[in-house]
Amino acid sequence: MTAQLSTHQSAETSAAADVRPPRSLAVVRIVLGWIFLWAFLDKTFGFGFSTPANEGWIDGGSPTAEFFSGGAGGMYNGASGMVWADWLFMAAQAGLGIALILGVCLRPAAIGGAVLMLALWASMLPLESNPVVDPHFVYATVMIALIFTSAGDRWGLGLAWGRLGLVRRFPILR
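Numbering (our numbering), first residue to last: 14 to 187.
Spelled out as structure tokens, the structure:
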């Protein structure tokens, strides 16, 4: 009986000591990262999924043209197709994808990603299938949740990243 009690207590103690986020958040982080990294790759090379073949960024296509031209996107028309907007948009997609997959630099990546997603959400107004929420809004919300749960610490490099001197000095980089 004593052995059973101590085994049970040690299991509770080790579970309580493991303060890393649940595996489910790691899966969400990695999957969301892949969504952004894939968007970057598809928009760059035009693999024929959301970006038609031969219309990729390397073929002269503009990755921002489709996002900043519809609905309330009129307020973004000045940026649509501009070289600086294309570079900024693509850097954001690649950086966000890599940061989420690796679990590093989550705070700045998720904050920037949430701002990007809310800008894309606003460019789609009025929404077609729901008056308030679309996938961009959901992605923004999930990214903010990933910050508050330190989701990069499980199945990512977040713990090691957090031990770096620069990151300890500037915790926003966590």
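The beta-carbon is built from N, C-alpha and C at its ideal position, and this holds for glycine as well.
Everything numeric in this text was worked out from a predicted model, so none of it was measured.
Is it true that the stretch 57-65 meets the stretch 111-118, where meeting means three or more beta-carbon pairs spaced less than 8 Å apart?
-> The answer is no - the stretch 111-118 does not touch the stretch 57-65, with fewer than three Cβ pairs under 8 Å.
What three-state label does DSSP hand residue 181 in the structure shown?
-> helix
Just the Cα atoms here: how many angstroms apart are residue 97 and residue 157?
-> 26 Å
Residue 159 and residue 54: beta carbons closer than 8 Å?
-> no
What number of angstroms, rounded off, separates the C-alpha of residue 142 from the C-alpha of residue 43?
-> 27 Å
With C-beta atoms as the reference, is residue 76 less than 8 Å away from residue 103?
-> yes
For residue 99, which residues of its own chain have a beta-carbon under 8 Å away from its beta-carbon, when the five flanking residues on both sides are left out?
-> 70, 75, 76 and 77
Can you tell me which of the three DSSP states residue 128 falls into?
-> helix
Return the CA-CA distance between residue 68 and residue 32, expressed in angstroms with no decimal places.
-> 46 Å
Look at the Cβ atom of residue 187, then the Cβ atom of residue 109, and state whether they are nearer than 8 Å.
-> no
Roughly how many whole angstroms lie between the Cα atoms of residue 185 and residue 48?
-> 24 Å
Roughly how many angstroms separate the alpha carbons of residue 150 and residue 65, rounded to a whole number?
-> 25 Å
Mind checking whether residue 50 and residue 107 have CB atoms under 8 Å apart?
-> By the CB criterion at 8 Å, residue 50 and residue 107 fall inside the cutoff.
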